[in-house]
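A short worksheet on the structure shown next.
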Amino acid sequence: MKQIQILAPAKINLFLKILNKRKDDYHNIETIFEKVSLFDKIILRESPKNDVIIESNVKDLRFLGKSNTVYKAIHLIKKRLRVKRGIYAYVEKSIPIGAGLGGGSSDAVATLKGINRLWRLGLCKKDLLNLSKNIGSDVPLFMLNGSFLLGKGRGEELSRIPGTSNLKLWHILVVPNLKISTHYAYSLFDKYYLSKKRGVRSGVLQGKLRLTIPTYSANIITYALLNRDVSLLNYYSYNSFKSLILREFTKLSSLNRILENINRDFVHLSGSGSALFMTFSDRKEAEYPIRKIKKVVSKCNCFLVHTC
């Protein structure tokens, strides 16, 4: 029986700024994504019956339910193309769930690509991209080529950052045993920043409370990437969620302080968390910090990854 295997990379957010809340209850953001070398593996093969079977090394029924992005991707293709064929999917998870690393979105794209090959559907990249937009805001990120991408709108308006094709950064990812849903993170943002404001839905946030220091800009991050300036990149990396998430989760805040003491204050949050990361220009620079982290930090997954 024919079988397809596809790797699904993780992502981190080098920059994430929430701009405003929209009339449709989504938020406009500006973000810079980087794909990194931490992978899930998706294994697909045909099933003799017209059913969908999903198994995984992660024993979490919620993960294996119909809300799972792999199931959504399979169901979407079967429904849109009126395909009456069964499929078995095994999801070998290495990317932690609920950590802001995009594992679910990446798994969905790997599944779309894999089914297209397995069933010889002949869908072009544009077709697959349009399908991916129906699964989640950052799912299209993994459909596009390029390691560094600028995201706008809900994060689905994507463009590659030119001049970065040969850029390779190194990162230490530290992921505690803590799952934070994107929906919950945005609800925190709304609670702390939007509850006392009026007319937010109609446009840009206004008032005395500022969401970011004005100098934090995606343009500066882009400049740092183009000039291979990791010091500048670290200094101006920003995430609108970080102060909220650290305030809400004291154990994550304590972990952040430990990592800041190890790495000169430059510790960043990916997406809505809970993954914290540090950025380095080469592997050698990251080797001492990761050894120290593994000695002093327990009950966390620690990964040394690079741009992919």
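Residue numbers (numbering that gives the first Met the number 0): 0 to 307. Think of the CB as a built atom: it goes at the ideal place given N, C-alpha and C, for glycine as much as any other residue.
Sheet register partners of residue i (DSSP bridge)
{"i": "Met-142", "result": "Its beta-bridge partners do not exist; DSSP assigns none."}
{"i": "Ile-28", "result": "Ile-17"}
{"i": "His-170", "result": "Thr-278 and Val-304"}
{"i": "Phe-22", "result": "Here residue 22 is Lys; the residue named in the question, Phe, does not match the sequence. In DSSP, Lys-22 forms no bridge with anything."}
{"i": "Lys-1", "result": "The partner list for Lys-1 (beta bridge, DSSP) is empty, contrary to what the question assumes."}
{"i": "Phe-147", "result": "Glu-33"}
{"i": "Pro-288", "result": "None; Pro-288 has no bridge partner."}
{"i": "Lys-10", "result": "Lys-34"}
{"i": "Pro-175", "result": "Cys-299"}
Helix, strand or coil at residue i [DSSP, three-state]
{"i": "Tyr-237", "result": "strand"}
{"i": "Phe-265", "result": "coil"}
{"i": "Leu-120", "result": "coil"}
{"i": "Pro-213", "result": "Residue confidence for Pro-213 is low, a pLDDT of 47 falling below 50, so the modelled location carries little weight and cannot support an answer."}
{"i": "Phe-188", "result": "helix"}
{"i": "Leu-128", "result": "helix"}
{"i": "Val-90", "result": "strand"}
{"i": "Ser-201", "result": "The predicted position of Ser-201 is uncertain, since its pLDDT is 34 and thus under 50; no value can be drawn from it."}
{"i": "Leu-208", "result": "Low per-residue confidence applies at Leu-208: pLDDT is 43, beneath 50, and the placement is therefore not dependable enough to give any value."}
{"i": "Leu-100", "result": "coil"}
{"i": "Ser-180", "result": "coil"}
{"i": "Glu-156", "result": "strand"}
{"i": "Arg-227", "result": "coil"}
{"i": "Asn-133", "result": "coil"}
{"i": "Ser-253", "result": "helix"}
{"i": "Gly-270", "result": "coil"}
{"i": "Thr-110", "result": "helix"}
{"i": "Thr-163", "result": "coil"}
Proximal residues to residue i (C-beta, below 6 Å), its chain only, five neighbours per side dropped
{"i": "Gly-270", "result": "Asn-12 and Gly-99"}
{"i": "Glu-286", "result": "none"}
{"i": "Ile-94", "result": "Ala-9, Leu-37, Asp-39, Leu-100 and Gly-102"}
{"i": "Ala-184", "result": "Phe-240 and Ser-271"}
{"i": "Lys-83", "result": "Asn-49"}
{"i": "Leu-208", "result": "At Leu-208, the pLDDT of 43 sits below 50, so the modelled position is not reliable and the matter cannot be decided from this model."}
{"i": "Lys-71", "result": "Ile-134"}
{"i": "Val-57", "result": "Lys-92"}
{"i": "Leu-117", "result": "Ile-3 and Leu-43"}
Contact set for residue i: own chain, Cβ-Cβ below 8 Å, skip 5 residues either direction
{"i": "Gly-121", "result": "Asn-115"}
{"i": "Gly-135", "result": "Thr-68, Gly-103, Ser-104 and Ala-107"}
{"i": "Tyr-234", "result": "Phe-265"}
{"i": "Ile-179", "result": "Gly-97, Ala-98, Gly-99, Ile-244, Phe-248, Ser-271, Gly-272 and Ser-273"}
{"i": "Glu-54", "result": "Leu-63, Tyr-87, Ala-88, Tyr-89 and Val-90"}
7 Å CB neighbourhood of residue i in its chain, flanking five on each side removed
{"i": "Ser-158", "result": "Leu-148 and Leu-149"}
{"i": "Asp-281", "result": "Trp-169"}
{"i": "Leu-128", "result": "Pro-139 and Met-142"}
{"i": "Gly-113", "result": "Ile-3, Ile-5, Ile-41 and Leu-43"}
{"i": "Phe-14", "result": "Thr-30, Ile-31, Ala-217, Ile-220, Ser-236 and Tyr-237"}
{"i": "Val-174", "result": "Pro-95, Ala-98, Ser-273, Ala-274, Cys-299 and Asn-300"}
{"i": "Tyr-191", "result": "Leu-243"}
{"i": "Lys-291", "result": "Ile-261"}
Expected contact under 8 Å - CB spacing of residue i and residue j to nearest Å
{"i": "Leu-275", "j": "Leu-268", "result": "6 Å"}
{"i": "Ile-76", "j": "Leu-18", "result": "The Cβ separation is near 33 Å, so there is no contact."}
{"i": "Leu-225", "j": "Gly-162", "result": "5 Å"}
{"i": "Ile-31", "j": "Ile-171", "result": "19 Å between Cβ atoms; not a contact."}
{"i": "Leu-166", "j": "Thr-306", "result": "6 Å"}
Quick one: which unbroken alpha helix (DSSP H) runs of 4-plus residues sit fully inside the stretch 33–85? Chain order, please.
60–63 and 68–79
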